Amino acid sequence: WSRPRYPPTRCYVYNEMMKNGQFYLNERCGMTKDAADFAIVLSVGKMDERLPSNVAFTILSGDKGFREVERQMQRSTRKAVVIDPHNASRFSNDMIY
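With full-length UniProt numbering, letter number 10 in the sequence shown gets 10, and the count goes up by one each step, no holes.
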């Protein structure tokens, strides 16, 4: 496990979302391997309860474990997508999900 760059300023999708005010950066938490993952999932759950269902969620993470959040959201009316920032350009350089 290596510490990722924080924040991912060279990621096109990240920069576009920041520019448009569409980004929530979870604050740093814990030193254990999965501490940030749990905090992000908890934040997603809280936001899912509070935000209108037409607000889509995008999780930028290379961790494939977040695909479960994407899968669980398929059961609701909210759209959620997980994008690996290292491969984000394969989706589109012009679209924010």
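Where is the CB? At the ideal position from N, CA and C, for every residue including glycine.
This one's a predicted model, so the numbers in the text were calculated from it and none came from an experiment.
Cβ contact annotation for GLU70 (same chain, cutoff 8 Å, sequence separation greater than five): ILE59, ALA80, VAL81, VAL82, in chain order. The criterion of a C-beta distance shorter than 8 Å is not satisfied by VAL44 and PHE23.
Ranked by how close their Cα comes to the Cα of ARG78, the residues ASP84, PRO52, GLY65 have PRO52 in first place. For LEU42, the uninterrupted alpha helix (DSSP H) run begins and ends at 35-50, by DSSP. Within the model, the alpha-carbon separation for LEU42 versus MET31 is close to 17 Å. Counted as a single uninterrupted DSSP element, the beta strand (DSSP E) harbouring VAL81 occupies residues 80-83.
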